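Okay, structure first, notes after.
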Amino acid sequence: MTQQVRGVIAPGRDEPVRVETITIPDPGPGEAVVRIQACGVCHTDLHYKQGGINDDFPFLLGHEAAGTVESVGEGVTDVAPGDFVILNWRAVCGQCRACLRGRPWYCFDTHNAKQKMTLADGTELTPALGIGAFAEKTLVAAGQCTKVDPAASPAVAGLLGCGVMAGIGAAINTGNVGRGDSVAVIGCGGVGDAAIVGSRLAGAARIIAVDVDDRKLAKATEVGATHTVNSRTTDPVEAIRELTGGFGADVVIEAVGRPETYTQAFYARDLAGTVVLVGVPTPEMKLELPLLDVFGRGGSLKSSWYGDCLPSRDFPMLIDLHQQGRIDLSAFVTETIALDEVEKAFGRMHEGDVLRSVVVF
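With full-length UniProt numbering applied, the sequence shown closes on residue 361, and no number is skipped along the way.
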């Protein structure tokens, strides 16, 4: 039978979010209902609220979540009621051309729950990234649930569902950062700091954090940056070259998503180096680079989709590393809040005061 829970919706473009009663259907074939224990407040949720993703209002916000499987539908075998899971927004299909070529992290046919959650009056909701986890419970495709160590803090574990995984994966999976490499990370919010953590985990010898905010640079140092550059007062390309013997970094990770910072990343890398774009641009942005420079500098220009992660492989590994004390994922949790404080959390996000606010149920 259906269930009534509380959830945070965005009713219209740039309208304040509000807590409403949400109807959750029983899980159908291949689906699961998950009781949410914690969900991070991500910039992507703000983009949904602002209408920057699409106009399919009202949205049920929230996607960086961890919780416990409550029930599953027909044919579900990978998870069962009682499992502690992290939710992901790229449920691998196993049948598309990427999956069949052994590259499931690129899956071109990821899927979500087929049934719709609704408001009490029957209005259908669009769940953010197919998840909708600013709610006491949510309905997802079972493939969006990844089992991890239940001893992990839900507030920490849930962050792997989006921003932290995107940053760590941009370094390890997309950028292939190796031992002794030099890495520059442009943009030190949650994703950029996660890229720093990933670079440190991979054994990078020099990790240069670039941002316009000294507070963010201080945090970047705490999580593993060896050098910092304030690009408001210093030319970041020249600074990165000076810090790498005049050559440029082996890997430059752009975590802002703007043409200006991407151009900086392009010229701040060494010859045959790698640029990784993990910052998300907006539709109207255009990039212009001399084609001769693209050819002449060689190397790789890559885009990182969700850190090119495979949740079933990467989530348990990273949780285990956190539990062993080898990476500190708790450093990303600035504050824990209640469900009705999400709108305030968006304001603090604008002010740059937090890496992540996390709703804890």
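Note that beta-carbon positions come from the ideal geometry of N, C-alpha and C, so glycine has one too.
Remember, predicted model here, so these are calculated numbers, not experimental data.
Query	Result
For T244, which option in E284, V183, S303 has the closest C-alpha, if you only look at C-alpha atoms?	V183
Any idea if H63 is buried or exposed, counting beta-carbon neighbours within 10 angstroms, 16 or more meaning buried?	buried
I'd like to check one pair, G169 with D56: are the Cβ atoms closer than 8 Å?	no
Which term fits V69, buried or exposed, when burial requires 16 or more other beta carbons within 10 angstroms of its beta carbon?	buried
Taking the straight line between their C-alpha atoms, what separation do you get for V276 and G257?	11 Å
Alpha carbon to alpha carbon, what distance is there between A141 and V164?	22 Å
Just the C-alpha distance for G298 and R356, rounded to the nearest angstrom, thanks.	37 Å
Hey, would you say G158 sits closer than 8 Å to C39, going by beta carbons?	yes
Assuming A65 and L87 are in contact, meaning their beta carbons sit under 8 Å apart, how far apart are those beta carbons, in whole angstroms?	5 Å
Can you name the residues that DSSP bridges to K147?	V85
Hey, is the stretch 4-12 in contact with the stretch 128-147, meaning 3+ C-beta pairs nearer than 8 Å?	yes
Mind the definition here: the stretch 198-211 touches the stretch 285-295 only if three or more C-beta pairs lie below 8 Å; say whether that holds.	no
Are three or more beta carbon pairs between the stretch 98-107 and the stretch 146-160 nearer than 8 Å?	no
Only counting runs of 4 or more residues, tell me where the alpha helix (DSSP H) segments fall wholly within the stretch 249-331, in order along the chain.	259-268, 291-297, 311-323
Could you tell me if L292 is buried or exposed, where buried requires 16 or more neighbouring beta carbons within 10 angstroms of its beta carbon?	exposed
Return the CA-CA distance between R232 and R215, expressed in angstroms with no decimal places.	13 Å
So what does I207 bridge to, in DSSP terms?	V183
Going by CA-CA distance only, name the one from G203, H43, I253 that's closest to M349.	H43
Cα separation between N54 and S304?	21 Å
Figure out for me which residue from Y262, R200, D181, H47 has the closest Cα to the Cα of G187.	Y262
Less than 7 Å between C-beta atoms, sequence neighbours within five positions excluded: which residues of the same chain meet that for H33?	Here the sequence assigns Val to residue 33, which means His is not the residue at that position. Answer for V33: I24, P27, E70, S71, K137, L139, listed in chain order.
I253 and G175: beta carbons closer than 8 Å?	yes
Taking the alpha carbon of T226 as the point to measure from, which residue in L60, E124, R200, E242 has its own alpha carbon closest?	R200
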